[in-house]
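For reference, the structure is listed below as structure tokens.
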Amino acid sequence: MADKEKRGLVARWLIGKERSEDYARSTLPTSRWGLFWDILKGRFGRLMLVNLLMLLFCLPLAALIIWRNMQITVSGMGGLFGAGLAMSFPVVPDIVGQAEQLILNYDVVYFALFIPAGIVAALGLSGGMYIIRNLIWTEGIFVANDFLRGIRRNFLNVLEAVLLFTVVLFLARLMGNMADVMVARGVSGAGWMVASKVVGYIIVAFMLLVCLWMISLGISYKQGPWALFRNAVVMTIGTFPQTVLFAALATWPFFLAIFSGLNFLGIIGILFLILIGFSYASLVWLDFSQWAFDRFINPNIGVTTGRGLYNKEKGSMNTQTETEQQSAAMREYRRLMVANGRSKLASRPIKPIDDDVELYQLPDSFSREDLQKLRESKEAMASDVKQYEEEHRADEEYVSYNREFDELESAIRAEEGEKKKKNKKVRRPKMLPPK
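Oh and the sequence shown: position 16 is 304 in the numbering used here, straight run, nothing missing.
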């Protein structure tokens, strides 16, 4: 037997144990934590590729952040703040509040530009997070095709979340800058502005959590704009400690890269974001979201729980059932059946073609008497068909079809009536109690 090749630590971490006979189905992920590590190790190349696609769409947003910081840094090195240092620098006797006013002027422009840059970033987020969700569900993926499919399916939901967050961030930052200017200039009542600044940043932090839930809910379930926001608020409040914890675990690379500056930690954060940061954040958050959905939502709506996890009792992976996959198509097919009406061939008896009643054939040269015979033969044939229909109307096949069609029609009408009532009556959502 050939000597085994000695693998390094990283190779053993990515590939696993050297002896293939140690592999067993019982080692497949049975928890969300195990699934996270399984995807991170086994799909690392795919995660890097998805991260690159998401990064491309987030480049305008990153460029605005860098441009803003550079503009503020350069402005602080000259102009008013360099007064009297050289012959070309004018002397400004009073610069109190000038720095805060300068930052306010810059932030009005740059934070307003974050909104259109966020729209571009929403394209990458909708496609990339759709792929990550499919990886969590252990579905086969094709990165390019699924990225475009994710944009088509989820862009509007992700766009709603991104627009909400960028607009709230713009308003909160504007309020905070105005508070800094008033405090620096000693304006009376500046304390209220400071309080509004603190409240604004608290709202931004809360909206970040809500928007994360909006993205995961919009990718996993079909719902309207208001329902999406409402359910995201419910999930944020109902799972607040877990939401804060996993949001911090997911977004730490972004905060490290943005707020650490160009030091050692900041460079580590930037390199991590370029390599796998966006995919890592999406994997952490969506994996946690699926745990929350399995606990609070899926059991209530009859959807399979634990998708992507190995079920030891069944000895197989938890996947979407065939009934769930076909339910939407089956409901649409039933609606089309009712809309098209009863089948004339299946709802009533039709006399088969036979030779017991024949239609009179007109000769080449016919008279009035021949026309009378033709009419009588037609009437006899119609009477025979009607008599056959009356005799076989009570046959089981026709009675059964009409009864099933009536039941189907009643069920569809009742379902449509319930939907209209639900649309008219808006109910306050409630969190399900944990099991």
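A virtual CB, placed ideally from N, CA and C, is assigned to each residue, including glycine.
Computed from a prediction, not measured in an experiment: that's the story for all the values here.
Taking a 10 Å sphere around the C-beta of isoleucine 525, we find fewer than 16 other C-beta atoms and assign the residue as exposed. Contact between leucine 343 and isoleucine 562 holds: their C-beta atoms lie close to 7 Å from each other, under 8 Å.
Within the DSSP bridge table, the entry for tyrosine 568 names no partner. Secondary structure of tyrosine 648 (DSSP, three-state): coil. Residue environment for serine 567: buried (at least 16 other C-beta atoms within 10 angstroms of its C-beta). Straight across, the Cα-Cα distance linking glycine 479 with valine 446 is about 37 Å. Counting along the chain, leucine 553 sits inside the alpha helix (DSSP H) bounded by residues 552-560.
Between the C-alpha atoms of valine 396 and methionine 358 there is a straight-line separation of about 16 Å. With respect to valine 482, alanine 460 sits apart: the two C-beta atoms are not nearer than 8 Å.
Separation of alanine 400 and tyrosine 489 (C-alpha to C-alpha, rounded to the nearest whole angstrom) is 17 Å. Boundaries of the alpha helix (DSSP H) harbouring glycine 506: 478-508, taken from the DSSP string.
Only buried fits glutamate 448, as 16 or more other CB atoms lie within 10 angstroms of its CB. In the three-state reduction of the DSSP assignment, threonine 318 falls in the coil class, being assigned neither a helical nor a strand state.
In this structure, the straight-line span from the alpha carbon of leucine 444 to that of alanine 580 is close to 23 Å.
Taking a cut-off of 8 Å for Cβ pairs, the stretch 414-432 and the stretch 462-473 do not touch, as fewer than three such pairs fall below it. For glutamate 679, the enclosing alpha helix (DSSP H) covers residues 656-680.
Counted as a single uninterrupted DSSP element, the stretch harbouring isoleucine 638 is not any alpha helix (DSSP H), since DSSP gives it neither H nor E. Boundaries of the alpha helix (DSSP H) around valine 469: 431-472.
Non-local C-beta neighbours of isoleucine 420 in its own chain, meaning closer than 6 Å and more than five positions away in sequence, comprise Ser570, Leu571 and Leu574, ordered along the chain. The beta carbon of threonine 527 lies closer than 6 Å to those of Ala580 in the same chain, with the five residues before and after it left out. In this structure, methionine 502 sits near leucine 516, with a CB-CB distance shorter than 8 Å. Take the alpha-carbon of leucine 352 and the one of isoleucine 546: they are about 12 Å apart. Around the beta carbon of isoleucine 327, 16 or more other beta carbons sit within 10 angstroms, so the residue counts as buried. The beta carbons of valine 498 and alanine 520 sit closer together than 8 Å.
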